[in-house]
Every structure is written in C-alpha cells, then in structure tokens.
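The working numbering numbers the first residue of the sequence shown as 46 and each following residue consecutively. Don't be surprised by glycine CBs; every beta carbon is placed ideally from N, CA and C. Down below is the structure, laid out as structure tokens.
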Amino acid sequence: MLPKGEEEGPNSLAAAFEHELSMSSRAMHADDYINNHKAVAPPIHVSTTFRYDSDPDKLEHGLNNDPQAPHDSHIYSRYTAPNYTRLEALLTSLLKGPSLTYTSGLAAFHALLVFLNPSRIAIGQGYHGCRGVIGLLQKFKPIEQLTLSESDLRKLRPGDVLHVETPFNPTGEACDLSYYRKIASEQGAWLTCDATFAPPPLQDPFVQGVDVVMHSGTKYIGGHSDILCGVLSIRPDLERENDWITKLRGERAYLGSVLGNLEGWLGVRSVRTLELRVERQSRSAEELISWLSASKDERGSVVGQLVADVMHASLQPEAKDENSWLRKQMPGGYGSVFAMVMKDESLARRLPSMLHLFHHATSVGGVESLVEWRALADSSVDRRLLRVNVGVEAVEDLKADLLQAFTSLMSEGKD
Ligand SMILES: *Cc1c(COP(=O)(O)O)cnc(C)c1O
C-alpha cells in the first residue's frame with residue numbers, strides 16, 4: 046500500500062495542482078495530511094503508547110496498525126509513532142518511493158539484508174561499516190561476499206544482492222548505476238544503492254532502476270550533525286507489486302531499530318531545508334574543487350607543493366560530456382564531499398589542526414564544514430587522504446581558510 050501523500054485522491058497535494066510540486070514545496074507540505082493540530086510547527090510526541098478506540102464495536106486485533114488510516118493514529122511506538130511517521134511522509138515524497146526510517150544508516154542496511162536474506166552480496170569499497178554488518182550476518186549463515194568486478198557479478202544468483210554506493214566513500218566519485226542495473230537484472234539479483242552522498246536534488250537512483258535506495262540520514266537528511274538516522278526507500282512499481290513497506294515495517298517492529306521521537310522531530314525540521322542546504326554545499330564544493338585542482342597543476346603554487354591529487358565526481362571525465370551517464374545520473378550536481386590526497390602522510394596528519402572553519406571530525410553532509418584524516422576512521426584507505434565535507438559557510442571564507450592553512454604548513458616545513 047502506498048502512503049497517503051503519494052495516493053491520487055481529491056484531497057491529495059497532487060490533485061490540487063496541475064503540475065508536480067517542486068522539491069522545496071513538497072519538503073514543506075508533503076506531511077500536511079498528517080497535521081490535525083492548528084500548530085504550524087510540528088509537536089514532539091514522547092508517548093510510547095496510544096489510546097485504543099473508545100467505540101467497543103471498533104476494537105479488533107490490528108486496529109490502528111496502519112499509520113495512514115486513520116491519519117496519525119498509533120498503538121505502540123515500536124510499531125509506528127507520530128514524529129518518525131511524519132518524517133517518513135516527507136521522505137516518501139522527496140525520495141520518490143515509499144520510505145521507512147531506522148535508528149542509523151547501518152541499522153537500515155541491517156534491516157535490508159535481514160529482509161532480502163541473500164546468499165551472496167556483491168559490494169564495492171565504499172563505507173567500511175556496511176561490510177561490518179555483513180560480517181555480523183555471517184554469524185548466522187554463510188554469505189559469500191563478492192566484489193563489483195564483472196567476473197564476480199556473474200556469480201550472483203536470483204535473490205542475491207548487488208549493493209552499489211554512489212557517490213562512494215571517501216572520494217565522492219560516482220559509478221554508473223545503469224551498468225549495475227543491467228547485470229543485476231541478467232543475474233536476477235536485487236540492486237540496492239547507498240545514496241547517502243547524493244540525496245535529492247542531486248540524483249534519483251530510481252530513474253536508473255535501483256530496487257531499494259538506502260541513506261544514512263545522519264548525513265545530509267539530518268544535516269546538522271545532531272541525529273543518527275537511516276532510511277530505506279522502495280522503487281514505487283516494486284512496492285505496488287510486493288507491498289515491501291508493510292513487510293519491512295513488520296520486521297522493524299522485531300528488530301526494534303525505530304527512530305526516537307526527538308530524532309523524528311529533528312528530521313522533519315532538517316528535511317524542510319534539504320534542497321537549500323544540498324544545493325549550496327554542492328555548489329561551494331565544486332568551486333573549491335575546481336580551484337584546488339587547477340592550482341595543483343600550477344608550477345610553484347602552494348597547493349601544487351602540498352596536494353598530490355583531488356578526487357570528486359565533478360572531476361571525472363564524464364562530467365564534461367553532456368550525454369554521459371554521469372550527467373544523466375547526477376543532474377543536480379555532485380555533492381559536498383571530496384578527497385584531497387596530500388604529498389605525504391605527515392601533511393595529511395597536520396593540515397586539519399591548521400584550519401579554522403573546517404572542524405577535524407568524521408561524518409559528512411552537515412551544514413558545518415569538516416575535514417578528516419581518513420586513516421583515523423578507516424584503516425583501508427590511503428594514509429595521505431583527507432576527506433572534506435563542504436558546509437554552508439561562504440565559499441570565499443572556506444577558500445581563504447584552506448589557503449592560510451596551506452601557507453602555514455609550508456612555513457612550518459621550513460623551520
Ligand atoms: C555514514 C554512512 C553510513 C552509516 O550510517 P550511520 O548513520 O552512521 O549508521 C553508511 N553509508 C555511508 C555512505 C555513510 O556515509
């Protein structure tokens with residue numbers, strides 16, 4: 046069953062306009078149908094339990110078990126609860142597929158694998174934690190872990206999972222989802238995508254035919270470095286045939302990984318400005334990246350003396366070709382996360398402390414600019430690599446901050 050916001054009905058948002066509302070309008074209004082109260086800002090509900098109907102004739106097992114009917118009624122917050130249901134209504138509209146939330150990105154990935162229960166998973170490098178989740182499930186049954194090489198992908202069988210992270214961690218480079226869609230279909234495998242690094246309006250993996258889109262909502266969707274959150278969204282036509290959301294919600298009630306009330310409320314607050322934040326961050330990142338990559342090649346420049354390489358989807362050769370898969374897949378821009386490989390490990394270790402506007406911390410997608418010597422979080426990456434998240438500060442200030450840090454690093458080396 047599709048959630049109410051997505052249904053065609055006389056009172057639906059879709060019916061009120063002749064055109065599809067823009068992303069920002071949907072971010073403000075896709076949850077209006079849940080809103081019974083006169084308050085414009087959503088309330089925080091802390092209750093874990095909800096009154097049954099006062100009409101004895103309506104009492105039966107499963108009453109209120111559907112959070113959509115009647116609107117905003119619930120039984121127990123491990124099944125559904127007002128704040129995260131409201132966030133799910135918004136995400137369903139913005140991600141363009143019925144969506145559920147979880148306590149974290151990894152909790153969402155765990156729920157996805159428990160649900161699909163594959164015997165083989167093909168997975169690329171990407172976020173190390175996802176491979177940790179597979180490791181946990183291997184305690185219960187053998188799951189063969191495959192790479193994304195063509196020969197490995199040919200080992201996938203019906204019901205297996207092909208999991209692609211794009212853009213991927215830690216470089217912010219993208220890979221071609223339609224290529225993986227083709228192979229997944231040929232092998233009968235499910236195609237799942239970790240789209241954390243490029244939420245809307247940057248990309249919509251359902252256009253390339255992905256079956257399930259996953260997000261760490263901790264990143265851009267939360268956007269303010271103050272909630273852990275995970276999201277699963279199902280491709281609408283798959284949902285219509287299979288009713289996966291009801292099944293996933295049922296399994297979530299036993300996994301227990303439901304989003305907290307405050308997190309759900311903060312998530313609604315955050316999603317209102319998703320488009321504003323993501324567009325600004327992505328634009329600023331592209332500006333910094335094109336400056337860094339151009340000055341890296343200038344003889345004698347500070348950047349050139351310290352930085353060996355800059356990586357980001359905007360620097361992939363396909364970004365220049367209007368008809369490329371990359372431009373089709375990421376029509377809204379390439380995201381705020383990129384990697385800077387320094388000339389040596391010691392430069393990567395020391396640069397973060399010299400920056401004033403970039404906090405030295407892990408995570409991405411938030412409004413705060415961050416830099417991270419990635420070796421601290423993931424022992425498998427190049428020890429010269431710094432991962433950068435561009436926040437919403439003015440881009441001139443961020444550029445000045447990088448430049449002063451490079452200059453300090455140069456003069457430190459001369460002492
Ligand atoms: C952070 C992250 C995760 C894990 O999300 P949590 O919310 O920290 O559990 C998964 N995938 C990617 C790409 C991430 O950046």
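To the nearest angstrom, report how far apart residue i and residue j are at their CA atoms.
| i | j | result |
| --- | --- | --- |
| Gly349 | Leu447 | 13 Å |
| Leu136 | Val347 | 43 Å |
| Ser246 | Leu283 | Reading off the sequence, residue 246 comes out as Pro, not Ser. Going from the Cα of Pro246 to the Cα of Leu283 covers about 22 Å. |
| Glu461 | Leu396 | Any question about residue 461 goes unanswered here, given that the chain covers just 46 to 460. |
| Ile228 | Gly254 | 12 Å |
| Arg394 | Glu457 | 13 Å |
| Lys49 | Leu139 | Unreliable positioning characterises Lys49 in this predicted model, as indicated by a pLDDT of 46, which lies under 50. The coordinate reading is nonetheless provided below. If I take the Cα positions, the gap works out to 14 Å. |
| Leu181 | Arg202 | 22 Å |
| Arg165 | Pro376 | 32 Å |
| Gly268 | Ala86 | 19 Å |
| Gly142 | Gln374 | 17 Å |
| Thr241 | Lys103 | 42 Å |
| Asp221 | Glu286 | 26 Å |
| Ser424 | Val352 | 21 Å |
| Arg432 | Val416 | 6 Å |
| Val323 | Glu331 | 12 Å |
| Lys365 | Leu371 | 9 Å |
| Leu321 | Phe185 | 43 Å |
| Leu161 | Glu390 | 41 Å |
| Ala439 | His74 | 29 Å |
| Arg294 | Leu430 | 39 Å |
| Trp418 | His401 | 16 Å |
| Lys124 | Val159 | Checking the sequence shown, residue 124 turns out to be Tyr, not Lys. Each residue's alpha carbon lies about 17 Å from the other. |
| Thr291 | Ser338 | 47 Å |
| Ala61 | Gly233 | 40 Å |
| Val316 | Gly345 | 44 Å |
| Val257 | Leu236 | 7 Å |
| Tyr225 | Asp249 | 15 Å |
| Asp98 | Tyr121 | 14 Å |
| Ser453 | Met399 | 7 Å |
| Pro163 | Asn214 | 24 Å |
Whose CA, out of the options, lies closest to the CA of residue i?
| i | options | result |
| --- | --- | --- |
| Gln170 | Phe185, Leu135, Val209 | Val209 |
| Phe154 | Gly142, Gly177, Leu136 | Gly177 |
| His405 | Pro362, Glu363, Ala450 | Ala450 |
| Ser381 | Gly410, Leu402, Arg317 | Gly410 |
| Val426 | Asp102, Met385, Gln361, Leu402 | Met385 |
| Ala358 | Glu343, Gln190, Ser340, Tyr379 | Tyr379 |
| Asn434 | Gln374, Ser329, Ser453 | Ser329 |
| Phe484 | Gly436, Arg372, Pro376, Arg123 | Nothing can be reported for residue 484, as the shown portion of the chain is limited to 46 through 460. |
| Asp76 | Ala240, Asp117, Arg285 | Asp117 |
| Asp442 | Asn162, Ser414, Ile89 | Ser414 |
| Pro244 | Asp288, Ile188, Thr318, Ser196 | Thr318 |
| Pro127 | Gly107, Thr93, Asn214 | Thr93 |
| Ile266 | Val412, Leu454, Gly107, Ala422 | Val412 |
| Asp473 | Leu191, Ala72, Pro250, Thr216 | The chain is shown from 46 up to 460; residue 473 falls before or after that span and cannot be answered. |
| Leu360 | Asn368, Ser335, Glu367, Leu145 | Ser335 |
| Leu300 | Ser144, Met68, Thr148, Pro88 | Thr148 |
| Val91 | Gly107, His119, His106 | His119 |
| Gly217 | Met356, Met455, Glu367 | Met356 |
| Ser144 | Met387, Pro281, Arg71 | Pro281 |
Tell me the DSSP bridge mates of residue i?
| i | result |
| --- | --- |
| Asn434 | Val382, Leu415 |
| Trp235 | Val206 |
| Glu165 | The question names Glu, yet the displayed sequence has Arg at residue 165. For Arg165, which the question treats as bridged, DSSP gives the partners Glu189. |
| Glu218 | Phe213 |
| Thr94 | Tyr121 |
| His260 | Val276 |
| His269 | Paired residue(s): none; His269 is not in a bridge. |
| Met387 | Val352 |
| His404 | Leu415 |
Report yes or no: is there a C-beta of chain C within less than 8 Å of the C-beta of residue i?
| i | result |
| --- | --- |
| Pro87 | Looking at the structure shown, chain C is missing, and only one protein chain is on hand. |
Contact between the region 305–320 and the region 268–277: three or more CB pairs below 8 Å? Between the region 305–320 and the region 268–277 there are three or more C-beta pairs closer than 8 Å, enough to call the two in contact.
Please give me, in chain order, every unbroken run of the alpha helix (DSSP H) with length at least 4 that falls completely inside the region 102–154. The region 102–154 contains these whole alpha helix (DSSP H) runs: 127–139.
Would the region 308–320 and the region 260–271 be scored as touching if the rule is three or more Cβ pairs under 8 Å? The region 308–320 vs the region 260–271: in contact.
Any chance you could list the beta strand (DSSP E) runs of at least 3 consecutive residues sitting entirely within the region 294–362, in chain order? Within the region 294–362, the complete beta strand (DSSP E) runs of at least 3 residues are 352–356.
If you pair each beta-carbon of the region 121–139 with each one of the region 79–92, do three or more pairs fall below 8 Å? Using a C-beta cut-off of 8 Å, the region 121–139 makes contact with the region 79–92, since at least three inter-stretch Cβ pairs fall below that distance.
Contact between the region 277–294 and the region 143–162 is defined here as three or more beta-carbon pairs at a separation below 8 Å; is this criterion met? The region 277–294, when compared against the region 143–162, does touch it at the 8 Å Cβ threshold.
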